[in-house]
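Below: one structure, written as structure tokens.
2 protein chains.
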Amino acid sequence: MTLRVGVIGGGQLARMMIAPAVELGLDIRVLAEAEGMSAQLAASAVGDYRDLETVRAFASTVDVVTFDHEHVPQTVLRALVDDGVAVHPGPDALQFAQDKLVMREKLAELGVPQPDWAAVSDSAALQAFIDDHGGKAVVKTPRGGYDGKGVRVVRNADEAADWFLDSGDALLVEELVSFSRELAQQIARRPSGQMVAYPVVETVQRDGVCAEVFAPAPGAGERLSQMAESIGRQIAEGLGVTGMLAVELFETDDERILVNELAMRPHNSGHWSQDGAVTGQFEQHLRAVADLPLGDPTPRADWSVMVNILGGPAQGAFEDCFDAAMTEHPDAKIHIYGKAARPGRKVGHVNTTGDDLDDAVYTARAAATHFA
Amino acid sequence: MTLRVGVIGGGQLARMMIAPAVELGLDIRVLAEAEGMSAQLAASAVGDYRDLETVRAFASTVDVVTFDHEHVPQTVLRALVDDGVAVHPGPDALQFAQDKLVMREKLAELGVPQPDWAAVSDSAALQAFIDDHGGKAVVKTPRGGYDGKGVRVVRNADEAADWFLDSGDALLVEELVSFSRELAQQIARRPSGQMVAYPVVETVQRDGVCAEVFAPAPGAGERLSQMAESIGRQIAEGLGVTGMLAVELFETDDERILVNELAMRPHNSGHWSQDGAVTGQFEQHLRAVADLPLGDPTPRADWSVMVNILGGPAQGAFEDCFDAAMTEHPDAKIHIYGKAARPGRKVGHVNTTGDDLDDAVYTARAAATHFA
Chain A
-3 MTLRVGVIGG
7 GQLARMMIAP
17 AVELGLDIRV
27 LAEAEGMSAQ
37 LAASAVGDYR
47 DLETVRAFAS
57 TVDVVTFDHE
67 HVPQTVLRAL
77 VDDGVAVHPG
87 PDALQFAQDK
97 LVMREKLAEL
107 GVPQPDWAAV
117 SDSAALQAFI
127 DDHGGKAVVK
137 TPRGGYDGKG
147 VRVVRNADEA
157 ADWFLDSGDA
167 LLVEELVSFS
177 RELAQQIARR
187 PSGQMVAYPV
197 VETVQRDGVC
207 AEVFAPAPGA
217 GERLSQMAES
227 IGRQIAEGLG
237 VTGMLAVELF
247 ETDDERILVN
257 ELAMRPHNSG
267 HWSQDGAVTG
277 QFEQHLRAVA
287 DLPLGDPTPR
297 ADWSVMVNIL
307 GGPAQGAFED
317 CFDAAMTEHP
327 DAKIHIYGKA
337 ARPGRKVGHV
347 NTTGDDLDDA
357 VYTARAAATH
367 FA
Chain B
-3 MTLRVGVIGG
7 GQLARMMIAP
17 AVELGLDIRV
27 LAEAEGMSAQ
37 LAASAVGDYR
47 DLETVRAFAS
57 TVDVVTFDHE
67 HVPQTVLRAL
77 VDDGVAVHPG
87 PDALQFAQDK
97 LVMREKLAEL
107 GVPQPDWAAV
117 SDSAALQAFI
127 DDHGGKAVVK
137 TPRGGYDGKG
147 VRVVRNADEA
157 ADWFLDSGDA
167 LLVEELVSFS
177 RELAQQIARR
187 PSGQMVAYPV
197 VETVQRDGVC
207 AEVFAPAPGA
217 GERLSQMAES
227 IGRQIAEGLG
237 VTGMLAVELF
247 ETDDERILVN
257 ELAMRPHNSG
267 HWSQDGAVTG
277 QFEQHLRAVA
287 DLPLGDPTPR
297 ADWSVMVNIL
307 GGPAQGAFED
317 CFDAAMTEHP
327 DAKIHIYGKA
337 ARPGRKVGHV
347 NTTGDDLDDA
357 VYTARAAATH
367 FA
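Protein chains in written order, with my numbering: chain A, -3 to 368; chain B, -3 to 368.
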């Protein structure tokens, strides 16, 4: 019988699971938030992922449930597990991706290197942390943030006063790390425990959104690569992650690496692997959550580059963009998400590979520029 | 607006267009022969491709019509063109893939090297051809053959008597070429005329069915490669092919190459390119029929190998096959068509790449063996 994988959420991450699912012969079904979502082609149901009965009905049509995002409530996840549904990653792991305070506590317990942090329940505690850390800090809402939302650099506790009023819960405050660059480490882990690691990559963020990725991270020596992989494996195992794990890292001027954020799903920092690795992260995620043996994560070229397409043209102009990008860059791999363009919104990306990093960067940027 | 590509026929070739269509942001819709076909995920209609009104209704929902097979009748194709539908490849080109006698006549007119052939309308004419060619010949029904069906090696005209009785039409008879091996040349061509060529590959047939492909053809020097590419380009242009063209070739002991068969769609001999070329043949076919600029056909590795999975396990055992194949060969790219297994039926294939041909062949064969 064909293995049926159910994906909750109809965004581009679910969409990009369709290609490898079809090629592997898996039956992929998506619970989409609405009609016309990015993963529409595989949508077998439309409904609210916060509603247990909606999710339960969807889960009953598949063999394993996984996710396009980390927003399905714990109550829903735990009810599914109680029903006997295979949920990957499971609620015990997902809580660490859903709540950044819980994540920081767990990483501290594991002894993983991370920025100084504290849970602060009022302005006085926040101000004290700021004062202790050179007059500035990063405040984060523990839940619901993404792509720079729910994150603020503050110099004064007043700048987070609205968040204290809104939630009443504690906020996470972290030291503002003086980093030389940002890295990301991808790990895949099966329920049975098998793990594979992708090479550590460099990510470039603009306005809190991932803009470019270079794989492997240029200049990353044996020591840095092993440190990143080791942190990734420790987190995947320590948190019981199943599927893909992305660990976002700061590399500091003094050559330390500190954990910034976690994602338990295919992640923007791993899109390069679709065209740049023997096994792309979307195929790997499917293998991992379906508890199939993991694929080879080895890069297929010396260098892979990913450049996001943000915003994008008005509807109707995509054909012109295609024409120019494809004519000038026949070797660029263009991935389009089928989403309406809004300024700054991720609507696609371009992957390139090659033995010269500068060439690969040039081609990816030039091709992506045609869509901007 | 999203470009909508309609594929007539729901087999594995249509299925394998789904992945690149989704990644390119194209809207792919399939007119399937029945429910549960290989390309089910993209099926937007089910119906008989020989029925004009069925095909016409389907065509009205897309921007361009292409094919999983070459069996749509000329009357239907020509009516679509008269309706103003973009049909690629069009009826003028497809007639040469639909009727082997028409193809032989056209190739003769173009001066393309091919085996000796004749149209024979009765046993006496067939026997005369056999007698003139060393006492044996290949008889083919001009229409409807595939995977070795409709092809017979005969030593006596009586062996084709049933075909004369059945059809009343002329049969195609060809000299039995003493070939050293079989090759295939893939060309992509846009309506605007742009063409790109893949490297010539070696194909190994068993019982008339493609079993293995080595890309590029081992030992193929500059001369052979250029000859094959030149024949491919001449046919694509001379026959007005749009989309992918596969030219099956015999290489003779005296280093000639002769055209055996043509296919105007992605072809089994090009499956290696999914994982082995910068632009796979399914993406290339979509680009070509949508009149988008063609992608780079350059190989991504020194060697690529494709091994078909024929027959396959009883339903229910696929998971065990996966487990063994993936555990032992994490670098093998496994493609499964979602079709019920029958002895000898193509149900999937395995692609491998590498800098050592023997290793790539070993891995592809070993992985495929787990499914047989």
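Yeah, the Cβ is synthetic: ideal placement off N, Cα and C, and Gly gets one too.
Short CB-CB distance (under 8 Å) between residue i and chain B
i         : result
A/Ala38   : yes
A/Thr323  : yes
A/Arg229  : no
A/Asp292  : yes
A/Asp249  : no
A/Pro195  : no
A/Gly344  : yes
A/Asp95   : no
A/Thr(-2) : yes
Residue-level contact to chain A via CB, residue i, 8 Å cutoff
i        : result
B/Tyr333 : yes
B/Arg296 : yes
B/Glu315 : yes
B/Arg11  : yes
B/Ile14  : yes
B/Phe54  : no
B/Val274 : yes
B/Glu49  : no
B/Leu306 : no
B/Leu179 : no
Extent of the continuous beta strand (DSSP E) to which residue i belongs
i        : result
A/His434 : No information on residue 434 of chain A is available, as it lies outside the stretch -3 to 368 that chain A covers here.
B/Arg261 : From DSSP, B/Arg261 is part of no beta strand (DSSP E); its letter is neither H nor E.
A/Asp23  : Asp23 to Ala28
B/Ser188 : Taken as a continuous stretch (DSSP letters only), B/Ser188 belongs to no beta strand (DSSP E), as it is neither H nor E.
A/His331 : Lys329 to Ile332
A/Met240 : Gly239 to Thr248
Exposure label - residue i; buried when at least 16 CB within 10 Å
i        : result
A/Glu208 : buried
B/Gln323 : Inspection of the sequence shows that residue 323 of chain B is occupied by Thr rather than by Gln. Exposed: under 16 other Cβ atoms inside 10 Å.
B/Gln383 : What the structure shows of chain B is the stretch from -3 to 368, and residue 383 of chain B is not part of that stretch, so it cannot be assessed.
B/Ser176 : exposed
A/Glu178 : buried
A/Lys329 : buried
B/Thr57  : exposed
B/Asp95  : buried
B/Ser117 : exposed
A/Glu171 : buried
B/Val81  : buried
Distance, residue j Cα to residue i Cα
i        : j        : result
A/Met302 : A/Ser265 : 8 Å
A/Val149 : A/Asp249 : 20 Å
B/Val226 : B/Met191 : The sequence as given places Ser at residue 226 of chain B; Val does not occur at that position. Their backbone Cα atoms lie some 12 Å apart in a straight line.
A/Ala364 : A/Trp268 : 14 Å
B/Gly234 : B/Ile24  : 29 Å
A/Met12  : A/Phe278 : 7 Å
B/Leu73  : B/Pro212 : 35 Å
A/Gly350 : A/Phe125 : 46 Å
B/Ala321 : B/Ala362 : 8 Å
B/Ala32  : B/Asp203 : Looking at the sequence provided, one finds Gly at residue 32 of chain B rather than Ala. Distance between the alpha carbons of B/Gly32 and B/Asp203: 28 Å.
B/Lys136 : B/Gly86  : 24 Å
A/Asn304 : B/Ala15  : 20 Å
Among the options, the one whose alpha carbon lies nearest that of residue i
i        : options                                   : result
B/Pro295 : B/Pro195, B/Ala368 and B/Leu282           : B/Pro195
B/Val108 : B/Ala133, B/Met223, B/Gln190 and B/Leu168 : B/Met223
A/Gly189 : A/Arg177, A/Ser300 and A/Arg283           : A/Arg283
B/Ser174 : B/Ala364, B/Val134, B/Ile183 and B/Asp162 : B/Val134
A/Asp78  : A/Leu106, A/Leu48 and A/Ala38             : A/Leu48
B/Asp292 : B/His281, B/Val285, B/Gly130 and B/Thr275 : B/Thr275
A/Phe54  : A/Val1, A/Arg252, A/Thr199 and A/Asp354   : A/Val1
B/Val285 : B/Gly228, B/Ala193 and B/Val60            : B/Val60
A/Met99  : A/Val18, A/Ser221, A/Lys145 and A/Ala259  : A/Ala259
A/Tyr333 : A/Arg341, A/Pro187 and A/Ala232           : A/Arg341
Distance cut-off 7 Å: residue i Cβ against heavy atoms of the ligand HEM
i        : result
A/Ile126 : The ligand HEM is absent from the structure shown, which contains no ligand whatsoever.
Run of the alpha helix (DSSP H) containing residue i, from where it starts to where it stops
i        : result
A/Gln230 : Glu218 to Gly234
B/Thr294 : Where B/Thr294 is concerned, there is no enclosing alpha helix (DSSP H), given that its DSSP letter is neither H nor E.
A/Ser269 : Ser269 to Gly272
A/Lys96  : Lys96 to Leu106
B/Val209 : Segment Val205 to Ala211 is the beta strand (DSSP E) holding B/Val209; no alpha helix (DSSP H) there.
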